[in-house]
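Protein chains in written order, with the working numbering: chain A, 30 to 461; chain B, 954 to 1386. Ideal Cβ positions, reconstructed from N, Cα and C, are used throughout, including at glycine. Values in this document were obtained by computation on a predicted structure and should not be read as measured data. Single-structure report; data block below.
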Amino acid sequence: MSHTTRITRLSLPNGLTLLVGENHANPTISIQGLVKAGALYDNADAKTPGARSGLARFTASLLDQGTETRDELALASAIEDIGASLHFDGGAETVSVRATMLAEDLGAVLEIAADALRRPTFPDEQIEKIRAELLNDVRQAEATTSSVAARRSSELLYPADHPLHGSRGGTEASLRAIGRDDLAAFHRRRYRPDAVILAMVGDVTPDQALEAVTRAFGDWAAPKSPLGFEIPAAPAPAKALRRVVAMPGRSQADVVMAFPGVARTAPDYDAAMMMNYVLGGGSLSSRLMENLRDAQGLVYGVYSMLHPGVGAGPLQIRAGTNPANAQRCVDSILAEVRRLHDGGPTEEEMEAAKGYLTGAFPVRLEANSGVAAQVLSMELYGLGADYLDRYESLIRGVTREAVADAARRYLTPEAYVLVVAGDLPAEEAHAL
Amino acid sequence: MIQAAHSPVFETTLENGLKVLIQEVRLAPVVSFAVWYRVGSRNESAGITGISHLLEHMMFKGTPRFGKGEIARSLQRIGASFNAGTSLDYTCYYETLKSDQLELAMEIESDRMVNASIPDEEHRLEMTVVRSELERNEDNPHRAIYQETFATAFQAHPYHWPTIGWRSDVEAITTEQIRRYYRAHYAPNNAIVVVVGDIEREAALARVKHWFGGIPRAELPPPVTTTERPQQGERRFRLRKPGDTSLVLAAWRNPEMAHPDTHALDVLGLILGHGRTSRLHRALVETGLATEADAANESARDPFLVVALATAAPEKPLAEVEAAMLREVERLRAEPVTDVELRRAKKQVEAGFLYSKDSIQSLSHQLGYYETIASWRFLEEYPAMIRAVTAADVQRVAATYLTEDARTVGWFDPPAASAGEAADRRGAAGGGA
């Protein structure tokens, strides 16, 4: 972590939470924030499951497309004129808010951000523009083997009425059905000060930050109703569910194997994360890479990933392969899943994982934006104000047995979801 | 309240010709170490296009000291962030890691400066990876239109071919050719070492001398001397490849980065095509002709290109998109830009310059990049030079460089019948990225 960063936690009377990290080395500020208004609420008021998929992302995309006092171009100019950046992105659980600015422009950027978050007007013309973009995203995703495999796997893994069923991007049908009233109502209900956390790191003092945030957000009244921000656990699949999605003409086939994953707040999160690292979490020498890529030359890349949030997002293993090798690829992935499930990691793998995690942590925090992102997740998941200081000993303290336990719990070789999307030869498709 | 977290850049050259740049930056207990070689696709020739990039891949295959897979494994074991990149003018390798691990980065980079094994078997295996990169390139409309633009705008100069190389060359290059190319270009007197971060200058320099000082200088191949003749007439192309987007690109030849006109051209690029307030965005996107429109002055070691690119909106005739784009360029030649535009562009440059100082990794990258292409001092003087640019300067460089005769105009115009298939191909290509 930074030599110079000290974190101060503050909150406004209306419930907005503010975290400030001081780093006066350079006259810039990075903000990473969130609104608890992500896709998990998409269908909270829908008549049938999935009917309003994509609503949260659609709403977030319109925040900077017109407010009560500025049209889309005025909003863009206000930010670009001062060389700043401000982005909103609708995710599965939250809407992210990211901004960079010179320290002298903090007040201006917060005022524009507050305008966008509090007073969007959802102009019809902009709704249609964003709808076209989102539909285009869906069409491209549906034409891409890796996205198709991932989407289908989440649909199989989570029941139709579960918030993680399907995709935050929505479907053609749901995107076409969403109207201005849906967007305005979603905004009215879900955008509220007690759903907002802002982490800012840079050339700013806590007093300056509090004053600027109060000016921009202080008179935003919080509703009395409880916020409600949770995702129920999904039932684990009882057996192996396999699907092949035929996509003619594709040169590559994509494999996604998925298991119910782990929430960021779970007590065994660190052990699960290390299990994932050993299996295929980004290292070139992970078990999956060494077997499928280096030993067999089956794939260019193969990865496993967790999607830990307030809810237990899926544990996915993803690989792109030549369609003729799809079955071998699946068999090899499954063999590695079984091996880690049965035997756990070696002591050597534990050491490699700990070395990686403790070494990469300060590298990830080398810039203000990295510190802000870390501080934001510490607040969201209640990791504690001393998490930055505790991180290394937390990781060093995870035992081989704890990771072996996590592997037995999460990597179930008899119960999983498997989707292969691509132009598979008949015998390959049949064998799967 | 700025504290002196950033020391001035220290520059020296070792006896073997190795250029060393060191900057102490006390932001985090992290250091970024990089080696930049002054070799890229610019140094290639017919038959071996793509060899710089191929060599970059082979540099991860080990040395007698670091066996197969050991370079990546040893760096991953300490959580280093590391990678490499090849471009027109350079090949770079970097490690960003905890400052108490700097020694390992130096050990690896000094070792593979001269001892890379480049085994034949690894070359054969790596071709799968390189082929997959080639395929992704071929299937990507943006890459395709850029590739065609370079091949059209440059006839004599090596910027003619893509950094990844022509496929038939990449397939035919032998391991022995890669080894020869490596021995010819990888030497201390053709390299720059950049150390930025939580280090003490004298100590860092002593370690650089320890690891690199004993490597002998090499006799380098003769410098690239080919210059492109002035272009005397517009060049056009129309790419009829399957794809799911239609693109219009216009490019004009610019001077080399070290040229005094670069700053005015950079400002011109920002006003023409950076962000939603830019002229192209207003003229093309706001009007519904295009879904995206950007422009930038792309500078390199030798004269390269100012590029404007638009993604046509569905059903919009490409001729109409092109006409609107060229109208905006004509306007830059005909009348001065406004004070508001000039002020905005300058503030963007100023802010961007300060943002990059937030990150040790990005500072290190910029130092190496500018030193390879022009000089690291270019970076330091950049904000002041940009502040000095006037509306008259912008109009002058527009009139000088953005002429009809010196431009290349290209369309990526997929055959209508193939639109469905095209979407499929793009989808498949995007999946592996």
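Asked                                                                                                                                : Found
When A/Leu185, A/Ala103, A/Phe390 are compared against A/Ala265, the one with the closest alpha-carbon                               : A/Leu185
Continuous beta strand (DSSP E) stretch holding B/Gln976: start and end                                                              : 972–977
Beta-ladder partner(s) of A/Glu51, from DSSP                                                                                         : A/Gly231
Short CB-CB distance (under 8 Å) between A/Ser183 and chain B                                                                        : no
Chain A contacts made by the segment 971–988 of chain B, where a contact means CB separation under 9 Å                               : Val978, Arg979, Leu980, Ala981, Pro982, Val983, Ser985
Local Cβ density within 10 Å of B/Gln1314, reported as buried at 16 or more and exposed below that                                   : buried
Neighbouring residues, chain B, relative to A/Leu386 (Cβ below 7 Å)                                                                  : Gly1032
Cβ of B/Thr965 within 8 Å of any chain A Cβ                                                                                          : no
Reduced DSSP secondary structure (H/G/I, E/B, other) of A/Arg347                                                                     : strand
Residue closest to B/Ala1248, alpha-carbon to alpha-carbon, out of B/Arg1235, B/Glu1181, B/Pro1256                                   : B/Arg1235
Given 8 Å, three or more beta-carbon pairs between the segment 349–369 of chain A and the segment 994–1009 of chain B                : no
Closest by C-alpha distance to B/Glu1056, when choosing among B/Ser1040, B/Asn1068, B/Ala1033                                        : B/Ala1033
Counterpart residues of B/Asn1207 in DSSP-defined beta bridges                                                                       : B/Asn1207 pairs with nothing; no bridge assigned.
Contacts around B/Glu1009, its chain only, beta-carbon distance under 7 Å, and the 5 residues preceding and following it disregarded : Ala1037, Thr1039, Thr1044
Contact check, B/Pro1141 vs B/Asn969, beta carbons under 8 Å                                                                         : yes
Rounded straight-line distance, which links the Cα of A/Val328 to that of A/Arg357                                                   : 11 Å
Min CB distance B/Asp1247 to chain A below 8 Å                                                                                       : no
Contact the segment 1117–1127 of chain B vs the segment 1153–1172 of chain B: 3+ CB pairs below 8 Å                                  : no
Own chain, CB closer than 7 Å to A/Ala267, minus 5 neighbours either side, in chain order                                            : Ala444
Assigned exposure category for A/Thr123 - 16 Cβ within 10 Å defines buried                                                           : buried
Cβ shell of B/Ala1211 (< 6 Å), same chain only, five flanking positions each side left out                                           : Ala1327
Rounded C-alpha distance that separates A/Ala13 from B/Ile1224                                                                       : No statement about residue 13 of chain A is possible, as the shown extent of chain A runs from 30 to 461 and does not include it.
Continuous beta strand (DSSP E) stretch holding B/Arg1254: start and end                                                             : It is not in any beta strand (DSSP E) - B/Arg1254 carries neither H nor E in the DSSP assignment.
Candidates A/Ile346, A/Ile36, A/His194, A/Asp110: closest to A/Leu69 by CA position                                                  : A/His194
A/Tyr410 (DSSP reduced to helix, strand or coil)                                                                                     : coil
Reference A/Ser398; option with closest CA among A/Thr46, A/Thr150, A/Glu51                                                          : A/Glu51
8 Å Cβ cutoff met for B/Ser985 and B/Thr1049                                                                                         : yes
Min CB distance B/Ala1304 to chain A below 8 Å                                                                                       : yes
B/Lys1051, DSSP secondary structure in three states                                                                                  : strand
Residues that DSSP places opposite A/Gly451 in a beta bridge                                                                         : A/Ala275
Contacts of A/Ala381 in chain B (Cβ-Cβ under 9 Å)                                                                                    : Arg1026, Gln1029, Arg1030
Min CB distance B/Gln1314 to chain A below 8 Å                                                                                       : yes
B/Leu1285 to B/Glu1101 span [Cα, whole Å]                                                                                            : 26 Å
Within-8 Å CB hit, A/Ala389 to chain B                                                                                               : yes
Secondary structure, beta strand (DSSP E): runs of 3+ residues fully inside the segment 1254–1338 of chain B                         : 1258–1265
Straight-line gap, A/Ala66 to A/Gly373 (C-alpha atoms, nearest Å)                                                                    : 38 Å
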